[in-house]
Amino acid sequence: AIGFLMEYDQLNFPETIQELADIVGMQVPVNQSVSQTPVQQNLYDLLDKASQYYIHQLQTHPQRQLFVDYLQKRGLSSKTVEMYGIGMAPDGWDNVLKILGANPQLVKQLTDAGLLIKNDKGRIYDRFRHRLMFPILDRRGRTIGFGGRVLDDSTPKYLNSPETPVFHKGSELYGLYQAKKNNRKIERILIVEGYMDVIALAEHGITNAVATLGTSTTTDHLRLLMRSTPEIVFCFDGDNAGRDAAWRAAENALPMLGGNQQLKFMFLPDGEDPDSIVKSSGAEGFNQHIDSAQNFSEFFFTTLTNKLDLSSMDGRARLVEMTKPYLKHVPQGVYRDMLEEQLAELSKTNKNTLNKHLETPKSAKRPAKSAALATMTPIRMAISIVLQYPILAREIDDARDLASLEQPGVNILRELLETLHHHPHLTTAALLERWRDRENSAHLQKLALQNLSLSADALKHELIGIYSQLQNQAKQQRRIYLEAKPLSELTDAEKMELRSS
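If you read the sequence shown in UniProt numbering, its first letter stands for residue 1, the second for the next number, and so on.
Right, dumping it as structure tokens:
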């Protein structure tokens with residue numbers, strides 16, 4: 001499973017070990033000297049030194065009191081400040097340059113790390129000046145960037161590190177490392193809007209909050225979170241900007257719906273933020289707000305129907321047309337069926353009529369299989385589909401129908417289906433981990449990496465078709481077996497089975 005997860009999730013070896021350890025709640029000793037290129041290692045080292053420098057400035061700099069007063073005003077304890085490594089970038093154009101840029105090579109590396117800026121005239125200076133500093137850590141606890149906040153009227157109010165070889169905003173989340181470190185098993189992760197929201201909640205014992213880094217919630221963010229927790233709660237301002245951000249997150253989540261994860265949307269009252277709510281209501285009161293958050297379907301349909309008159313036929317028809325392109329992105333399965341049922345209820349449309357309107361036109365060509373897929377046996381194809389899309393296993397009601405079928409690989413397929421029937425939340429990596437020391441482990445890893453080159457919907461129909469074929473073959477084999485037995489040796493149940501077959 002290690003090799004597979006490295007390739008499947010684009011992780012290096014230590015990150016893969018950490019990912020598997022997170023699943024079982026284990027701590028992994030970190031060796032910072034392996035897993036990255038020399039260039040990356042140099043950047044990690046410099047970013048860590050910069051973080052320690054900023055922390056030291058907050059503790060010792062003559063101008064530190066302004067920043068200390070701000071943190072105290074926000075009600076942050078020294079424990080919380082230390083937990084998140086908060087520091088201070090002093091005023092001045094070349095503090096980091098002087099401390100860490102001892103030679104031209106280091107200056108270039110500091111620039112590559114996003115700590116220095118080179119302007120059009122060739123002048124080099126510190127990116128972060130006179131700011132409260134928040135180090136951004138990756139999933140292994142390495143410093144990969146910073147966010148800086150001014151305490152006066154300067155702009156921008158918040159300044160983030162640029163994209164670098166070790167920092168990619170669209171795939172990192174502020175506070176996720178601390179959340180995993182402080183919670184052996186995270187039942188719920190809260191996505192808030194900024195660093196101070198994460199930190200203010202942690203001060204009150206709510207250590208499962210994270211924030212995006214100046215971007216909308218991306219599919220990479222969602223994949224990362226869905227590997228970490230069964231429930232994701234988006235926390236946004238209740239104004240138009242907050243609701244627009246929530247809708248963008250919902251759109252990105254559509255292809256991932258229907259698994260074991262639950263998505264909720266929490267909107268704050270006007271003039272409130274997580275800090276003000278948790279201060280006035282405490283952690284228990286804040287968690288009550290979360291418990292009353294809208295689930296995905298409620299938010300989805302409330303947003304779509306917001307400006308429609310559902311008492312009119314035109315309004316209901318418009319709702320169906322507006323919803324159709326979004327439903328196409330939701331994987332086939334129970335959850336999509338339930339969304340369609342809710343749409344039928346809201347639009348007062350017969351479910352069969354609605355299905356005809358939503359389905360792909362029959363004239364649409366089915367995607368052609370690649371040459372590699374055309375040579376795969378049906379059982380190998382089914383195994384590959386189930387491994388790569390475990391959610392599709394729910395389309396098969398009872399794998400025991402294949403118990404009597406004698407074909408190579410059928411027992412593997414049946415076991416995979418039965419495993420997912422009992423443990424529907426298992427991921428591809430978790431499935432392969434269960435087979436790690438067994439005879440067919442390497443073969444399954446290859447099938448899990450097979451390029452299927454078909455849509456999830458096409459693969460669902462492929463799996464159902466293959467399973468139907470196998471069911472018929474199993475029945476035929478069973479009939480031949482029973483017919484070959486002497487009549488005197490047949491049990492009453494077998495005789496009845498023969499008559500009904």
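Even for Gly, the Cβ is constructed at its ideal location relative to N, Cα and C.
This structure is a prediction, so every number in the text was calculated from the model and none was measured.
Please check the pair residue i and residue j, which I expect to be a contact at CB under 8 Å, by giving their CB distance rounded to whole angstroms.
i	j	result
L46	L110	6 Å
G145	T164	7 Å
P390	L420	5 Å
L463	L346	Not confirmed; about 31 Å, so no contact.
G147	Y195	6 Å
R380	L459	Not a contact, Cβ separation roughly 14 Å.
A178	Y53	Going by the sequence as given, residue 178 is Gln instead of Ala. So it is not a contact: roughly 21 Å between Cβ atoms.
F301	Q342	6 Å
N208	N183	6 Å
Cβ of residue i within 8 Å of Cβ of residue j?
i	j	result
S228	I189	yes
L358	L327	yes
S216	A249	yes
Y174	V210	yes
L405	L470	yes
I186	F286	no
I385	L452	yes
Q445	L426	no
G87	I136	no
L263	I277	no
E251	S77	no
R318	K348	no
T155	S51	no
Between residue i and residue j, what straight-line distance do the alpha-carbon atoms span, to the nearest angstrom?
i	j	result
G101	A246	42 Å
A474	R400	10 Å
residue 519	K169	Nothing can be reported for residue 519, as the shown portion of the chain is limited to 1 through 501.
Q261	G333	14 Å
Y44	L115	12 Å
L176	L132	20 Å
M338	A344	10 Å
K324	Q41	48 Å
E193	P90	26 Å
L402	V233	41 Å
S441	H221	30 Å
D270	H289	14 Å
I466	D398	14 Å
P274	K73	16 Å
L257	E231	12 Å
R64	A200	20 Å
Q59	F67	10 Å
R499	L413	29 Å
L354	F265	27 Å
T218	F128	26 Å
M376	N306	49 Å
T428	L225	16 Å
N472	R478	10 Å
A283	V81	19 Å
L387	D244	35 Å
P424	K279	39 Å
Using DSSP with H/G/I as helix, E/B as strand and the rest coil, what is residue i?
i	result
P135	strand
M338	helix
T218	coil
D45	helix
E359	coil
Y177	helix
R149	strand
Y70	helix
F128	coil
L159	strand
Q407	coil
M88	strand
Q477	helix
A484	helix
I191	strand
D120	coil
T164	strand
A209	strand
A245	helix
T427	coil
L470	helix
D457	helix
T60	helix
K324	helix
Is residue i a contact residue of the ligand ATP, with contact defined as CB to any heavy atom under 7 Å?
i	result
G194	You won't find the ligand ATP in this model; it holds no ligand whatsoever.
Check the Cβ-Cβ distances between residue i and every residue of chain C, and say whether any is below 8 Å.
i	result
A250	The chain labelled as chain C is not found in the depicted structure, where only one protein chain is given.
query = Can you list the alpha helix (DSSP H) stretches of 4 or more residues lying completely in the segment 266 to 305, in chain order?
reply = 274 to 291 and 296 to 304
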